[in-house]
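> Pasting in a structure now, in structure tokens, and then I'll have a few things to ask.
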Amino acid sequence: MGNRLSKIYTRTGDDGSTGLADGNRITKNALRVEAMGTADELSCHIGILVETLPAEDALIDVFRRIQHHLFDIGGELAIPGSKVISNEHTNWLEQVLDHYNEDLPPLKNFILPGGSIAAAHCHLARAVCRRTERVVVGLSQEDAINPAAQQYLNRLSDLLFVISRVLARRDGAQEILWEQKKSGL
Numbered sequence: 006m007g008n009r010l011s012k013i014y015t016r017t018g019d020d021g022s023t024g025l026a027d028g029n030r031i032t033k034n035a036l037r038v039e040a041m042g043t044a045d046e047l048s049c050h051i052g053i054l055v056e057t058l059p060a061e062d063a064l065i066d067v068f069r070r071i072q073h074h075l076f077d078i079g080g081e082l083a084i085p086g087s088k089v090i091s092n093e094h095t096n097w098l099e100q101v102l103d104h105y106n107e108d109l110p111p112l113k114n115f116i117l118p119g120g121s122i123a124a125a126h127c128h129l130a131r132a133v134c135r136r137t138e139r140v141v142v143g144l145s146q147e148d149a150i151n152p153a154a155q156q157y158l159n160r161l162s163d164l165l166f167v168i169s170r171v172l173a174r175r176d177g178a179q180e181i182l183w184e185q186k187k188s189g190l
């Protein structure tokens with residue numbers, strides 16, 4: 006790592022701008038900054054989820070790797086034109102997804118977020134992942150982004166959904182199924 010921050014505040018952002026890793030400055034409300042921020046927020050939610058898991062849980066290594074990938078996506082967004090995430094990253098997600106989905110019963114209904122603390126945190130991470138993906142798709146319509154990063158986010162939300170189902174079962178809880186009759190007044 007090149008330069009380390011020895012001083013946390015610089016005052017350079019007081020005017021509403023922020024610096025990208027390539028040295029360019031853009032407004033803090035730019036879609037690129039929103040994409041970077043939501044990827045960071047997603048990593049934070051995954052970090053909270055990890056803290057609900059037992060120390061020996063194999064999912065911790067999966068989630069830590071995902072957090073590193075999300076940091077890489079943030080780096081790609083901070084350096085327009087850079088590419089770190091590749092199809093191999095998405096392939097890895099698919100392998101993990103297939104592994105955890107293998108023993109789950111088929112879905113017959115929609116599932117509401119919840120079931121256990123860990124499952125609820127995983128559902129929240131899934132929802133933030135979907136928002137991150139929407140922001141990245143919006144950014145891709147006005148600026149070039151790595152398509153592999155967009156695919157990664159799409160697959161990651163699928164994985165988070167599957168793992169939320171796994172966590173609810175593993176924690177001895179029931180998945181909360183949506184029932185149309187309970188929607189009425």
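Numbering (the working numbering), first residue to last: 6 to 190. Note that the Cβ used here is the ideal one computed from N, Cα and C, for glycine as well.
Could you give the distance in angstroms between the alpha-carbon of residue 183 and the alpha-carbon of residue 56?
Near 28 Å, if we compare the C-alpha coordinates of residue 56 and residue 183.
> Of the choices 66, 40 and 47, whose alpha-carbon is the least far from that of residue 161?
Considering only alpha carbons, the answer is 47.
> For residue 5, does the count of other Cβ atoms within 10 angstroms reach 16, so buried, or fall short, so exposed?
Here the chain has residues from 6 to 190 only, and residue 5 is not among them.
> Which same chain residues, not among the five before or five after residue 144, have their C-beta less than 7 Å away from its C-beta?
The residues are 36, 37, 40 and 150.
> Residues in its own chain within less than 8 Å of residue 21 by CB, not counting five upstream and five downstream?
Hits under 8 Å: 32, 33 and 34.
> List, from N- to C-terminal side, the alpha helix (DSSP H) runs of 4 residues or more that fit wholly inside the segment 45–118.
For the segment 45–118, whole alpha helix (DSSP H) runs of length 4 or above, ordered along the chain, are 64–83 and 92–106.
> Identify the continuous alpha helix (DSSP H) that holds residue 154 and give its terminal residues.
Residues 152–175.
> Please classify residue 170: is it buried, with 16 or more other beta-carbons within 10 angstroms of its beta-carbon, or exposed?
By the neighbour-count rule (16 or more Cβ atoms within 10 Å), residue 170 is buried.
> Which of helix, strand or coil does DSSP assign to residue 25?
Coil at residue 25, not helix or strand.
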